[in-house]
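A short worksheet on the structure shown next.
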RNA sequence: GCCCGCGUAGCUCAGUUGGCCAGAGCAGCCGCCUUGUAAGCGGCAGGUCGUCGGUUCGAUUCCGACCGCGGGCUCCA
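Residue numbers (the working numbering): 10 to 872.
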């Protein structure tokens, strides 16, 4: 037999006998590949393993580990499901059944029941179907590819009205091909002919399908599970019949299937509706009506902190604060166009003496009235109006979903009015602002969607206007280096937009922020400003929201953190537990001190065993538990038990800061110097607010207990000595330790102590008893080192949101000489010194070697 | 709005194939225990079995409607 030559993806050529199939080619390459091959791609088109190759074909073997292989497995599984359903439910028919993310579905219509309407599946049916599917798998029925003429196909599928629509080209099926008078089919010949044949001339199952498929029902298909049944309109049209959709999940291995099911359970544990209830944050009382929430005190404090932070950032961002009422005369919404375009989404009107009043579905009309309250000059632009504005929308009952989709919610809403010339810069800074705020809440994985002009927008705006606006949005995305996709035609009828999605802790995406152009409303409502040329112009209007809705954002945060809010947002930050009831006065003293410092602290008295009280604090996901007993009362200490770990050590309250004791503050002055970089959480953009410098002033970090027992705490650097021991032994060059900088009198070092995450320490080179003992020159250089370190971290890791807390005092933990201790952590972590544990790992998340290299590269040159 | 499912104590859930006073754990309250880093012991209280209507001698249980919730579809300026 003559040989043919095949090209493989790596460009190599291979000679095989004529008539060799895709599967045969895989086998000729290797046994492992033959076993793993699901399908092939021949000249870019996916083909079954049984496909015969021709001279010159370029062939790629696709295995189950690839997306396309998995896709095929799911596609074949849904065929098997359809087969099972059609056999088990005589008279049933089927529509389409594509693979989808994580699995597949198929849409069915069952024969009419006693009431004349098509019957429906009940959950028990899924078990029967699944059982039948497993029998089909065991039979190893081949997937037989064929092509039928349209006429023949109409005979075969005569009893299946939805398939006929597909054959006739009226309906689209993403997995079948209907070109040029032929339809492709896949048949699964059964072991025994069906008692009630469903297809003319076939003993069992056949489906319209482009393929490809796995070779037979036994190969690759076992790892699936039918998940649920749901209604779905035929062709997605609510005027067409509702079909019964069965969803399933399918994977290449049992391990992956189990992992997927496990992930679903994990996601269920994070469900914000469950957590909101468990943590007593908010509720949806039936008496209130669907889609409406009440916020309990613990949810309320978190919301308040979110809103306070939002206001603070907006104030700094040049926004002006406005308020508009919750209801408005219908005439306003006629003018804005809402009654024309959005009536279905609005609550019905209230009849009043002078017309109908509607709850507002959006804040923009009200803001426009503020813009229009007097004549505006170009000198006032950009005008940025901000409101935490509560809106009401009549969402269909079936769409409500916890906090994610509700009927009354608060937008952190802004409308920006600017000149066309300003739009470019405005959009650009806006996107940076949005991302900076989202980062502050602990998100750092973003994706964006750029939505362009839809067909329905023909009459709104000009071609040039749309093009320029879209370009401005694109430029901003590129300037931020943000990955984005383009949704062609996906914009609103009034303008293009950017939607920002974040990826949460378990990889799910949430759409939060939106930045939208509006070419429509300013014109409709007659908004104008007087330009430098003395004539009137229509301003560019931008809508934007960061959280989107405060409620929804709260829900996303809750799921992101699985209820364990970062310290700065936690309803209770610190709980103090007296071991015995006679320790209670001391516990109160500690809690009062923390409260006076602006922390949210409480005390739980000793009615129960300590273990149980700690357990309760853990289930409430409190960031810190402080335990005080006999030893602590005697020595003025507290035992620290942070969230996520057990007992962590002890804090000593006796030592006062060096500067305070000596009356000489070599480093205190520069710390509050506005030119010195972010010296407080407030300055860096939030956190518990002013008072940071005082916050832990009376405490010193002395991780005095058990330090060194845990290899993760002091990370031996090769020779069994801690990094500190090695550094102070001075027997290593800088590039083998993590010394980042050496000055005249001080140096900076990166260390893993005490949490296995990066700390940047700036230290004097000579041993001094305490900071008060520094010379003026040393203090100055120490501070310069701190500032350089902050700059380096900002440059190398986080351009925003780095807080710097500074410990003053004789920090003697782990035998470290007196030092100035710089904590670099994102604002969401809170910023008290022992509260940095988890946070710092996120700021310098890499191995020390990598962080060290990056920081050294980013270290600013001395002034 | 449409399809399927669900609704028993604050929470998580038993149970009733139509019948005596509807159960448990946790949470709550009271008492004992004086407590050292994720559950000490005992007691008490708590439910018109989502609401309304129907069938029945009798309904938490069967039927209907409504309300709410969940999963989908549709929708989402």
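All C-beta atoms in this analysis are idealised placements derived from N, C-alpha and C, irrespective of residue type, glycine included.
Computed from a prediction, not measured in an experiment: that's the story for all the values here.
Exercise for the section: Apply the 10 Å Cβ neighbour rule to residue 248 and answer buried if 16 or more other Cβ atoms are within range, or exposed otherwise. Expected result: exposed
Practice task
Can you tell me which of 362, 67, 55 and 40 puts its alpha carbon nearest to the alpha carbon of residue 19?
Solution key: 67
Practice task
Under 6 Å Cβ to Cβ from residue 240, same chain only, skipping five residues before and after it: list those, please.
Solution key: 251
Handout entry: The alpha helix (DSSP H) enclosing residue 373, as first and last residue numbers
Key = 373-380
Problem - the region 456-475 touching the region 493-510, judged by at least three CB pairs closer than 8 Å - result: yes
Problem - Residue from 341, 595 and 86 whose Cα sits closest to the Cα of residue 381 - result: 341
Problem - Candidates 545, 530, 531 and 552: closest to residue 482 by CA position - result: 552
Exercise for the section: Just tell me which of 90, 642, 566 and 620 has its CA closest to the CA of residue 650. Expected result: 620
Exercise for the section: Taking all protein chains shown into account, decide if residue 784 is buried (16 or more other Cβ within 10 angstroms of its Cβ) or exposed. Expected result: exposed
Problem - CB of residue 301 within 8 Å of CB of residue 293, strictly - result: yes
Practice task
Please classify residue 334: does DSSP put it in a helix, a strand, or coil?
Solution key: coil
Exercise for the section: Could you tell me whether the region 519-530 touches the region 551-565, where touching means 3 or more Cβ pairs closer than 8 Å? Expected result: yes
Handout entry: Test item: CB-CB of residue 221 and residue 212 under 8 Å
Key = no
Handout entry: 8 Å contact criterion, which residue 805 and residue 864 should meet: CB distance rounded
Key = 6 Å
Problem - Helix, strand or coil at residue 750 [DSSP, three-state] - result: strand
Handout entry: Per-residue DSSP class, three states only, for residue 863
Key = helix
Exercise for the section: Find the nearest neighbour of residue 90 within the set 105, 378, 549 and 494, judged by alpha-carbon distance. Expected result: 105
Practice task
Give the range of the beta strand (DSSP E) segment to which residue 157 is assigned.
Solution key: 153-158
Exercise for the section: Kindly indicate which three-state DSSP category residue 197 falls into: helix, strand or coil? Expected result: strand
Handout entry: Spatial distance of residue 269 from residue 281 (CA atoms)
Key = 20 Å
Practice task
Report the three-state DSSP secondary structure of residue 82 (helix, strand or coil).
Solution key: helix
Handout entry: Counted within 10 angstroms of its Cβ, other Cβ atoms place residue 14 as buried (16 or more) or exposed
Key = exposed
Practice task
Would you tell me roughly how many angstroms separate the C-alpha atoms of residue 440 and residue 543, rounded to the nearest one?
Solution key: 32 Å
Exercise for the section: Please list, in chain order, all residues of the same chain as residue 12 whose beta carbon is under 8 Å from its beta carbon, the five residues on each side excluded. Expected result: 24, 25, 26 and 27
Problem - Test item: CB-CB of residue 103 and residue 119 under 8 Å - result: no
Problem - Distance between residue 339 and residue 346 (C-alpha atoms, nearest Å) - result: 10 Å
Problem - Burial state of residue 647, where buried means 16 or more other Cβ atoms lie within 10 Å - result: buried
Practice task
Give the straight-line distance between the Cα atoms of residue 802 and residue 484, rounded to the nearest whole angstrom.
Solution key: 27 Å
Practice task
Please list the segments of the alpha helix (DSSP H) lying wholly inside the region 284-356, counting only runs of 4 or more residues, in order along the chain.
Solution key: 306-325, 339-345 and 347-350
Problem - Bridge partners - residue 512, DSSP secondary structure assignment - result: 518
Practice task
Grab me the residues of residue 623's own chain with a C-beta within less than 8 Å of its C-beta, minus the 5 sequence neighbours each way, in chain order.
Solution key: 586, 634, 636 and 650
Exercise for the section: Would you kindly work out how many angstroms separate the C-alpha atoms of residue 297 and residue 309, rounded to a whole number? Expected result: 18 Å
Exercise for the section: Quick one: using the 10 Å Cβ neighbour count with 16 as the cut-off for buried, is residue 727 buried or exposed? Expected result: Annotation note: pLDDT 41 at residue 727 (below 50); position unreliable, no value reported.
Problem - the region 385-398 / the region 426-436 touching (three or more Cβ pairs under 8 Å) - result: yes
Exercise for the section: Put residue 549 into one of helix, strand or coil per three-state DSSP. Expected result: strand
Practice task
Determine the extent of the beta strand (DSSP E) in which residue 425 is found, giving its start and end residues.
Solution key: 417-427
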